[in-house]
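In order, the protein sequence lines correspond to chains S and B. So that you can map any letter, position 121 of the first sequence is 121 in my numbering, and since no number is skipped, the others follow by simple counting. So that you can map any letter, position 95 of the second sequence is 95 in my numbering, and since no number is skipped, the others follow by simple counting. Positions of the beta carbon are idealized from the N, C-alpha and C atoms, including for glycine. Written out below as structure tokens is the structure these notes cover.
There are 2 protein chains.
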Amino acid sequence: MPPLLRRRSPVSCSRLLLLRCSFSSSTVSLDVNISQPTYVVWGANTGVGKTLVSAGLGFSAISHSPSSFLYLKPLQTGFPVDSDSRFVVSKLTSLFRSSSPLFPLLASNHTLRVSVPASRALPGFNEESESSCCYEETRVGGGDAEEVCSRLVCKTLYAWKEAISPHLAVEREGMAIRDSDLREMLVRCLGFGGAKDSRKEMSYWRVIETAGGVASPGPSGTLQCDLYRPFRFPAILVGDGRLGGISTTISAYECLKLRGYDVAAIVLVDQGLANEVALLSYLRSRVHVFVLPPIPHDPLDDLKNWFVESRKVFDSLKETMAIAHSKRIERLQDMPRKAGDIFWWPFTQHQLVPLETVTVIDSRCGENFAVHKVCDKQDMIIPQFDACASWWTQGPDATFQIELARDMGYSAARYGHVMFPENVYEPALRCAELLLEGVGKGWASRTYYSDNGSTAVEIALKMAFRKFSFDQGIALDSDNGILGGRCYDFKVLALSGSYHGDTLGAMEAQAPSSYTSFRQQPWYSGRGLFLDPPMIFISDGVWNLSFPDAFLSYQLKDQKTRFCLRDELFCQTRDYSALAKCYSAYISRQLLQFYETSPSTYIAALIIEPVVQGAGGMQMIDPLFQRTLVSECRSRGIPVIFDEVFAGFWRLGRESAAELLGCSPDVACFGKLMTGGIIPLAVTLTTEAVFEAFKGGSKLMALLHGHSYSAHAMGCMAASKAIQWFKDPCTNINIDPEGRKMKELWDMQLVLQLSSLNGVRRVIAMGTLCAIELRADGSDVGYASLYASSLVQQLRDDGIYMRPLEDCNRRADVASGVRFSAEDIAQKDLSLLLTFFSTKVFSHFSGNLSSVAPEKRACFPYVYCFDFFPQDTGLSSLAGPFLHQIRHMSFKV
Amino acid sequence: MPPLLRRRSPVSCSRLLLLRCSFSSSTVSLDVNISQPTYVVWGANTGVGKTLVSAGLGFSAISHSPSSFLYLKPLQTGFPVDSDSRFVVSKLTSLFRSSSPLFPLLASNHTLRVSVPASRALPGFNEESESSCCYEETRVGGGDAEEVCSRLVCKTLYAWKEAISPHLAVEREGMAIRDSDLREMLVRCLGFGGAKDSRKEMSYWRVIETAGGVASPGPSGTLQCDLYRPFRFPAILVGDGRLGGISTTISAYECLKLRGYDVAAIVLVDQGLANEVALLSYLRSRVHVFVLPPIPHDPLDDLKNWFVESRKVFDSLKETMAIAHSKRIERLQDMPRKAGDIFWWPFTQHQLVPLETVTVIDSRCGENFAVHKVCDKQDMIIPQFDACASWWTQGPDATFQIELARDMGYSAARYGHVMFPENVYEPALRCAELLLEGVGKGWASRTYYSDNGSTAVEIALKMAFRKFSFDQGIALDSDNGILGGRCYDFKVLALSGSYHGDTLGAMEAQAPSSYTSFRQQPWYSGRGLFLDPPMIFISDGVWNLSFPDAFLSYQLKDQKTRFCLRDELFCQTRDYSALAKCYSAYISRQLLQFYETSPSTYIAALIIEPVVQGAGGMQMIDPLFQRTLVSECRSRGIPVIFDEVFAGFWRLGRESAAELLGCSPDVACFGKLMTGGIIPLAVTLTTEAVFEAFKGGSKLMALLHGHSYSAHAMGCMAASKAIQWFKDPCTNINIDPEGRKMKELWDMQLVLQLSSLNGVRRVIAMGTLCAIELRADGSDVGYASLYASSLVQQLRDDGIYMRPLEDCNRRADVASGVRFSAEDIAQKDLSLLLTFFSTKVFSHFSGNLSSVAPEKRACFPYVYCFDFFPQDTGLSSLAGPFLHQIRHMSFKV
């Protein structure tokens with residue numbers, strides 16, 4: 001199998017190496033080599049025989065032929081009286097000795113860190129000695145040091161004296177360990193004897209034995225099933241054969257599943273109750289269940305006979321584990337090819353996706369993907385920071401993800417999905433209450449559920465059109481808009497660069513772009529008057545206000561266009577400025593011109609993305625302009641729709657972007673982050689007045705729009721949880737104590753500094769969003785496209801997953817109603833944006849991110865949005881600081 | 001609180017009572033009165049002190065003031081040596097005696113059924129005596145029988161001798177009990193001393209104590225957490241205070257959550273390890289955790305002091321439970337009003353929904369909702385059969401629902417949601433593989449994921465249009481369809497009565513109806529040539545083929561229009577018949593006429609719902625006609641789209657409707673049942689040839705359509721599971737052993753008989769679908785609308801949940817391209833269809849459904865579709881047989 005990744009063009013190689021050098025020292029890699037079988041042994045309870053199983057596996061591994069077996073016991077209490085690794089070493093050496101092997105065994109036992117009370121209890125303890133490590137090595141059989149031998153390496157990572165749970169032992173004996181340190185230590189210890197060290201043909205097994213039951217706390221109090229989750233090693237569950245053991249075994253199994261673990265086998269010691277029969281039946285034989293012979297009651301029995309008797313069971317357990325392991329590896333290696341053969345990825349030109357750039361995601365843990373890669377013929381699982389927040393949907397950190405997982409299981413078990421219309425059930429009601437108390441507060445009174453942003457927008461348009469007809473007295477029983485010879489043609493008022501989704505109705509409400517070209521959807525005609533808005537952004541260290549060409553005829557020369565603080569631009573006193581009057585005049589004139597040229601047409605809705613246009617290019621609109629737009633529409637009886645699918649739920653520092661803008665819509669759409677990034681659900685909120693326009697004696701007056709899974713319970717449950725989690729200062733320390741505002745997350749000094757760099761065109765920093773756009777000349781674009789994909793690849797190799805975003809906003813002026821061909825747009829300036837989005841936990845110590853331990857950080861769905869317009873000259877000077885910054889914020893953990 | 005439901009108009013009352021009389025005897029009601037607190041006591045393991053907690057709660061309940069306490073122990077092993085109910089009675093009477101109460105206590109202990117070995121061990125056992133029941137009654141204090149007293153009623157439902165798990169006890173001692181019998185017995189026993197029996201002011205508590213741990217098997221082998229799930233009583237979890245107890249307690253808690261239970265509190269006996277601290281921290285104080293004092297080690301201690309010492313803990317535990325109970329009841333009672341205030345239900349005229357008709361769904365268990373109702377001032381939880389399958393999405397039975405719940409938890413924990421484009425992860429890949437091996441077998445090679453039927457159709461249209469342009473050499477860089485002065489106007493070929501979803505693109509592809517009126521979406525114009533198809537249906541005991549008026553000019557007089565067997569109509573030899581030629585000529589002529597009148601227009605896609613049009617009115621189209629249509633389009637290079645969102649995944653007896661039709665599409669859409677009815681996900685499958693039309697050197701050639709949660713992991717995981725579950729004869733006994741075909745589910749004799757009834761217009765029976773349409777005159781319609789809602793209400797009172805479906809297909813001929821106003825359609829013949837859909841498990845003994853125990857039935861997503869055109873005269877004669885039938889099929893279980 002050739003290495004699929006890490007292959008680079010010779011050109012980019014040297015730069016990449018440089019980058020890797022400068023950053024690698026600051027982080028401890030959590031990359032794990034999974035080429036060889038590595039299993040975690042879990043227990044359904046304490047005292048069910050985990051160590052016997054580990055030892056049995058070890059014996060099976062080392063005694064058939066020269067092999068290596070690594071046994072790790074990360075947490076040991078009751079030490080040194082109890083030491084599972086010592087037990088494994090001593091049992092295996094004695095078993096090995098008596099099995100008349102044809103090759104020698106080299107066995108070692110190493111205890112790495114020991115609490116003070118435990119070290120005092122060590123034989124030969126010496127007050128003077130600093131080190132509390134113990135290391136023993138034994139050789140069984142053979143004499144020639146060069147001879148091929150089996151190796152047994154046993155390690156205890158941390159040990160405490162009292163035989164209690166590690167979190168209590170820490171309380172009583174000290175030696176507190178952070179989860180991240182423990183994980184790093186584990187990775188380091190796993191590194192021993194990898195395939196590079198050992199001869200290729202030698203089999204090599206690694207077993208990690210947990211302490212207590214699956215959900216027993218580790219030293220920090222974190223449950224072990226959560227503690228080891230980032231690695232997601234396959235599991236062996238030692239079940240309980242006693243009375244009650246069916247229950248504890250199934251519960252433990254489900255506890256592991258609820259954390260995303262795969263359980264390869266369950267092993268239990270026979271207690272005469274045939275628990276395995278019930279287990280197999282309940283698990284529908286999906287999981288192998290092995291039964292070990294009863295353990296002799298005599299405490300003096302050395303278990304030698306038991307191990308001999310159990311040998312066959314362990315051999316076949318090991319065989320099962322080996323098969324599961326190779327199946328996994330085979331599948332992982334095969335996935336890119338299969339995906340390329342049968343997937344049809346959205347927004348993807350398959351011809352431009354070589355197999356080796358396909359990312360194989362084995363799992364996600366909070367903000368990181370765990371990605372499978374083959375490097376130097378080794379199968380690696382590598383954490384990769386989800387820097388595009390999976391299309392800006394992601395909110396949860398690892399803790400919140402597991403909370404959501406439990407809620408998803410609960411909701412599926414309690415409701416599955418149930419019919420919504422004329423019914424009520426808790427998740428749908430709770431979610432609606434939370435929405436109306438939150439993003440809808442002060443204006444909305446009705447909740448219309450649907451499945452995604454597009455459908456939410458389609459619904460919003462239908463609502464607004466009806467409200468408009470109703471208010472204007474347009475007879476609603478007319479067909480096709482024709483009544484008494486009069487024809488009604490409805491259009492929306494919208495902004496250039498807008499994006500509202502990919503279904504036809506949502507497309508019609510957005511300005512022409514590559515997404516709406518004839519080749520994409522021949523039915524698109526762009527049913528709107530699309531205005532060019534004034535934009536705001538940071539460049540050269542200040543906030544700038546930039547007017548489109550349409551404003552040329554207005555007297556804007558004396559207008560202040562540079563601002564030191566963002567707040568100046570968002571200040572509502574601007575409503576009384578000359579600029580406000582100018583905006584108002586511009587809008588009025590545009591409307592007038594439009595009506596003059598299209599007399600039979602009505603502007604029946606305004607639809608905007610408040611504050612920031614997302615997918616259209618991460619453009620920040622002057623809030624004064626949007627506020628003026630809303631008020632001009634209000635005065636003309638045009639219903640106002642806010643599409644907050646991208647901006648909603650704290651993306652911009654407030655729960656809703658409307659709050660930031662300082663005015664309310666009649667209808668608003670939400671999605672993406674609403675469910676905490678776990679499941680699709682969208683909602684259209686409205687005022688009671690809009691709702692009233694659908695009331696009547698006939699069902700035909702009602703809004704006849706719905707989807708099969710309207711208001712599905714799991715979605716509503718996830719949303720209820722996420723809405724509360726995000727705004728609760730106890731679960732999100734980035735929120736101010738009243739839960740109304742987000743703390744300033746971005747170090748403004750850094751942002752301003754970045755905006756002053758030569759290659760930077762603009763920066764936007766607000767709430768969870770930081771967008772950095774690089775300068776690019778039109779002539780660079782063709783090249784840039786290829787350049788970008790190589791950069792994307794480099795960043796991925798560097799542990800940062802991102803995906804380029806095309807900027808469909810950057811184009812020549814588009815007059816309303818007239819469509820430009822996609823090709824035109826593309827050829828002129830369809831530059832590549834490299835967009836980093838992140839869901840990374842952010843420090844509440846602003847400007848001092850890297851010093852905060854990840855445990856201390858609160859969950860929050862913020863976004864890095866680095867929009868690159870790559871230009872070769874600028875890049876080398878910029879990539880450094882960017883990557884450095886990302887590294888520091890995301891990876892020094 | 002007045003009773004919200006069970007209110008009927010005087011007219012319908014007598015008839016309904018009649019119906020109720022004739023059916024009530026055949027079913028045992030599982031309605032449960034939850035006015036009084038009712039809790040289930042679960043254990044994290046066996047031997048953690050469940051009975052102590054039950055007894056402590058009982059003591060707290062009865063000793064403060066005259067009250068009732070019902071203690072139920074459904075399953076007791078180790079009997080008569082062990083008897084938890086005897087323990088409770090004896091402890092409480094002795095505690096009560098020594099607490100110098102001011103009122104007497106009447107205590108009883110009743111053991112209802114005892115295995116033979118256990119009964120032999122009873123004191124005073126007599127071989128002759130048949131009855132194995134034991135009943136004891138004690139009175140403590142007072143003398144006057146009339147005096148107000150506390151009542152303690154303890155019952156053991158089933159008891160076995162050996163102290164092992166009930167499922168093993170059954171194996172060894174007999175007395176097997178079916179789950180349904182156990183549940184009925186439990187409901188009967190809970191009925192004791194309800195509010196009607198006891199004085200209103202008296203408090204009344206009910207506690208059910210389980211056996212062993214949460215997932216310990218019951219007598220049939222079903223885990224207790226699954227066994228009691230239909231009631232979903234709130235839970236008290238007795239945790240484990242010992243070493244390892246944090247783990248078993250959290251696991252047990254999660255096991256309960258994974259079955260949809262609410263846990264009101266965790267109680268544990270102090271063992272000096274402060275396990276409660278870790279529990280509270282992990283559960284974020286969402287669940288109350290109570291700690292009981294350590295239990296005296298002396299086995300001779302009578303625990304009197306312990307109970308006295310624990311008194312305060314039990315009092316506050318009881319208080320917590322009382323608060324949780326009243327909160328639940330308050331919320332349930334309040335939900336209809338709140339829903340009416342803040343929801344905006346799809347397809348619903350809110351003005352026509354009185355509060356008392358709002359259904360409060362507390363949970364779903366397989367095919368039943370658990371509905372909250374207030375009847376005679378009592379709060380009831382009543383199972384209601386989901387006869388509309390929640391918009392035809394439902395597939396799972398109770399077992400499959402719990403399996404899916406675990407998978408949802410696993411998937412959320414393993415992946416959350418991860419980015420799809422250019423990535424691959426197991427659920428998305430597995431799902432695509434299964435789709436291509438299943439519904440796409442033989443033709444499809446690419447999988448495009450989206451969120452629902454509407455988006456799948458929007459994507460399908462984009463695909464077909466591109467394929468058409470590509471094949472026709474229409475320059476793809478043209479803008480707006482205008483190139484070199486030539487204008488391209490694309491339309492679809494479709495059938496009247498079609499329905500493809502509610503987003504604009506999907507709407508445009510369907511024929512005009514109330515759903516597409518100007519008042520619903522002013523942008524709709526109906527971009528299609530809509531043909532009237534020939535229909536097939538059963539009436540008067542035979543299958544009929546009926547031609548629309550458009551066929552008048554063809555020589556069809558000699559054409560056979562009556563068929564004895566459905567198979568005759570689906571037989572592919574008809575392709576060579578005269579009728580096939582006639583269809584072909586009809587289609588050609590329609591296309592010719594269309595092109596003559598619209599020269600600049602292209603028919604760029606055919607889109608049909610194969611075999612049955614669902615939401616449009618449950619109309620079955622002559623398969624020969626659809627096959628001819630496909631072949632005519634093929635010969636003209638028009639891409640063919642099958643919308644199988646409704647018909648796919650066994651709805652019509654085959655995995656895909658295409659299989660049934662005997663021809664393949666170029667593009668097909670799936671949704672609804674695909675995920676087993678748990679979560680929204682849709683897919684558009686295509687041939688490689690369609691995919692090729694999007695290949696090119698530029699991303700602009702790619703299909704630029706996607707949604708935030710494209711290919712979300714939970715949806716793909718659910719779909720993978722459901723696709724396999726449905727077609728595996730081990731999990732679905734309605735599937736033939738090869739997994740290719742469904743067994744015939746409908747008793748054809750009955751179906752033909754129904755179709756011969758006077759009031760029946762037509763019947764359709766196929767696969768999981770049985771549709772029965774009643775005759776109605778146009779003049780009945782206005783009245784029928786009200787009549788229908790009263791019938792709907794009556795059926796709901798009778799335990800059948802359904803929702804009327806309007807028939808938008810039944811209208812005057814609609815010439816292609818010309819729209820009729822919705823009002824026209826409505827006024828003329830918008831009759832009400834009462835549609836029953838069900839996911840009910842169906843017998844594999846055809847024609848003998850009622851005799852099959854529910855445990856023996858396999859899961860399957862079938863549908864009853866009873867389309868009523870209610871006519872007063874016909875109804876009384878019809879309602880009886882229908883309801884009888886429904887009862888027998890669905891409720892005699």
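{"Query": "Let me see if you follow: with CB-CB separation under 7 Å, is B:Asp471 close to chain S or not?", "Result": "no"}
{"Query": "Please go through the same chain and pick out, in chain order, the residues whose beta-carbon is closer than 7 Å to the beta-carbon of S:Ala398, but skip the five residues on each side of it.", "Result": "Arg229, Cys365 and Gly366"}
{"Query": "For S:Cys388, which residues in chain B fall below 8 Å Cβ to Cβ?", "Result": "Met419"}
{"Query": "Among B:Gly124, B:Leu92, B:Met717 and B:Ile723, which has the Cα closest to the Cα of B:Gly439?", "Result": "Checking the displayed sequence, the identity of residue 439 of chain B turns out to be Val instead of Gly. With distances taken between Cα atoms, B:Val439 lies closest to B:Ile723."}
{"Query": "Return the chain-ordered ranges of every alpha helix (DSSP H) run that is complete within the region 567-624 of chain S and spans a minimum of 4 residues.", "Result": "578-597"}
{"Query": "So, with DSSP's three-state summary, where would you put S:Ser251?", "Result": "helix"}
{"Query": "Verify the CB distance criterion: does B:Ser631 have a CB-CB separation below 7 Å to chain S?", "Result": "no"}
{"Query": "Here's the rule I'm using: 16 or more other beta-carbon atoms within 10 Å means buried, otherwise exposed. How should B:Cys149 be labelled?", "Result": "buried"}
{"Query": "Check S:Asp451 in the structure and name its three-state DSSP category.", "Result": "coil"}
{"Query": "So, using beta-carbon positions, are S:Phe87 and S:Ala159 closer together than 7 Å?", "Result": "no"}
{"Query": "For B:His110, which residues in chain S fall below 8 Å Cβ to Cβ?", "Result": "Neighbours of B:His110 on chain S: none; closest Cβ ~26 Å, over 8 Å."}
{"Query": "According to DSSP, S:His894 sits in a beta bridge with which residue or residues?", "Result": "Outside the displayed span of chain S (1 to 893) sits residue 894 of chain S, for which this structure offers no information."}
{"Query": "Going along the region 692-708 of chain B in order, which residues come within less than 9 Å of chain A, judged by CB to CB distance?", "Result": "Absent from the structure: chain A. Protein chains present are S and B."}
{"Query": "Counting only beta-carbon separations shorter than 7 Å, does B:Asn368 have a partner in chain S?", "Result": "no"}
{"Query": "Using a Cβ distance threshold of 8 Å, determine whether the region 420-434 of chain B contacts the region 338-351 of chain S, with at least three qualifying pairs required.", "Result": "yes"}
{"Query": "Classify S:Ser12 as helix, strand or coil using the three-state DSSP reduction.", "Result": "For S:Ser12, the predicted model reports a pLDDT of 28, less than 50, meaning its position is unreliable and no value from the coordinates is stated."}
{"Query": "Taking Cβ-Cβ distances below 7 Å as the criterion, which residues of the region 212-228 of chain B are in contact with chain S?", "Result": "Gly212, Gly213, Val214, Ala215, Ser216, Pro217, Gly221 and Leu223"}
{"Query": "Taking the DSSP output, what are the residues bridged to S:Phe343?", "Result": "B:Thr447"}
{"Query": "For my contact list, B:Trp42 and B:Val289 are in at a C-beta cut-off of 8 Å; report their separation, rounded to the angstrom.", "Result": "With a Cβ gap of about 15 Å, B:Trp42 and B:Val289 do not count as contacting."}
{"Query": "Could you compute how far the alpha carbon of B:Leu186 sits from the alpha carbon of B:Asn33?", "Result": "12 Å"}
{"Query": "For B:Tyr135, does the count of other Cβ atoms within 10 angstroms reach 16, so buried, or fall short, so exposed?", "Result": "exposed"}
{"Query": "Any contact of the region 644-651 of chain S with the region 604-611 of chain S, i.e. 3+ C-beta pairs under 8 Å?", "Result": "yes"}
{"Query": "In whole angstroms, what is the alpha-carbon distance linking S:Leu30 and S:Thr357?", "Result": "21 Å"}
{"Query": "I'd like to know whether the C-beta of B:Thr348 is nearer than 7 Å to at least one C-beta of chain S.", "Result": "yes"}
{"Query": "Going by other Cβ atoms of all chains shown within 10 Å of its Cβ, with 16 needed for buried, is S:Ala578 buried or exposed?", "Result": "exposed"}
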